[in-house]
Amino acid sequence: MLACCTINFIAQERQEINRAREELSFELGRAPTDEETMKKVGLSPARYRDVVRMTRPTYSLHSRNRVTQEELIKEVTDVDAIGVDTHKHNRLLRLAIDDLLDSLKPKESVVIRQRFGLDGRGRRTLSEIAGNLRISREMVRKYELKALMKLKHPTRVDYLRRYM
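Quick note, the sequence shown lines up with residues -13 to 150 if you use the working numbering.
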């Protein structure tokens, strides 16, 4: 019976915190700080932290990451990697590069992927790419130049900088 009452009491305190945050944000015209919320509710800093921590949502390890669409358990169990943060960062950077290349015309995208080995098969020469696409080496050169000019555009550069 005691555990049930404790859980209900914590839930009530969380509701008070949420209500106070709403009132303060309306009064102040901005999101209130934790200190302002604590003062309004009348909780000590330690109790406030405990209530917020205990009422955080719980996520299944089988739920998917919003960006990478991989299960969270894979991010937790990847201990053999250089570092979980580094691995995650590299994965996000790779997704950003793929997004940028997908924004190009199809042939430009294929040329850049093959020329710089971004398709996982290593770098290829102009002749190899020309043979794959059945176009001249000069056309491959033109597609590469156009694509590189598009990729140097400031909006695309800024998009990639967020991941570096």
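By construction, the Cβ of each residue, glycine as well, lies at the ideal position given by its N, Cα and C atoms.
Terminal residues of the continuous alpha helix (DSSP H) containing residue i?
i, result
"residue 117", "112 to 119"
"residue 95", "92 to 101"
"residue 150", "Segment: none, residue 150 is in no alpha helix (DSSP H) and carries neither H nor E."
"residue 134", "123 to 137"
Work out the CA separation of residue j and residue i for me, nearest whole Å.
i, j, result
"residue 193", "residue 46", "Any answer about residue 193 is impossible in this case: the structure gives the chain only from -13 up to 150."
"residue 95", "residue 44", "41 Å"
"residue 33", "residue 13", "24 Å"
"residue 67", "residue 27", "Because residue 67 sits at a pLDDT of 49, beneath the cut-off of 50, its placement in the model cannot be relied upon, and the following sentence gives the value as read from the coordinates. Approximately 45 Å between the Cα atoms of the pair."
"residue 128", "residue 116", "12 Å"
"residue 4", "residue 106", "49 Å"
"residue 79", "residue 132", "22 Å"
"residue 122", "residue 86", "25 Å"
"residue 140", "residue 75", "22 Å"
"residue 41", "residue 109", "51 Å"
"residue 185", "residue 50", "Past the edges of the chain, shown from -13 to 150, lies residue 185, and the structure says nothing about it."
"residue 72", "residue 101", "26 Å"
"residue 148", "residue 119", "33 Å"
"residue 35", "residue 10", "18 Å"
"residue 77", "residue 31", "38 Å"
"residue 15", "residue 0", "22 Å"
Quick one: what's residue i bridged to in DSSP?
i, result
"residue 50", "57"
On the premise that residue j lies in contact with residue i, defined as a C-beta separation below 8 Å, what is that separation, rounded to the nearest angstrom?
i, j, result
"residue 146", "residue 126", "Actually they are not in contact, since the Cβ atoms of residue 146 and residue 126 sit about 24 Å apart, beyond 8 Å."
"residue 48", "residue 56", "Incorrect: roughly 11 Å between the Cβ atoms, too far for contact."
"residue 6", "residue 19", "The pair is not a contact, with the Cβ atoms about 12 Å apart (cut-off 8 Å)."
"residue 206", "residue 25", "The structure shown does not extend to residue 206, since the chain is modelled only from -13 to 150, so the question has no answer here."
"residue 97", "residue 130", "5 Å"
"residue 54", "residue 81", "7 Å"
"residue -4", "residue 38", "Actually they are not in contact, since the Cβ atoms of residue -4 and residue 38 sit about 10 Å apart, beyond 8 Å."
Measure from the C-beta of residue i to each C-beta in chain D and report whether the shortest distance is under 7 Å.
i, result
"residue 22", "Of the protein chains in the structure, only one exists, and it is not chain D."
For a minimum of 4 consecutive residues, which ranges assigned as the alpha helix (DSSP H) are wholly contained in the segment 6 to 34? 20 to 27
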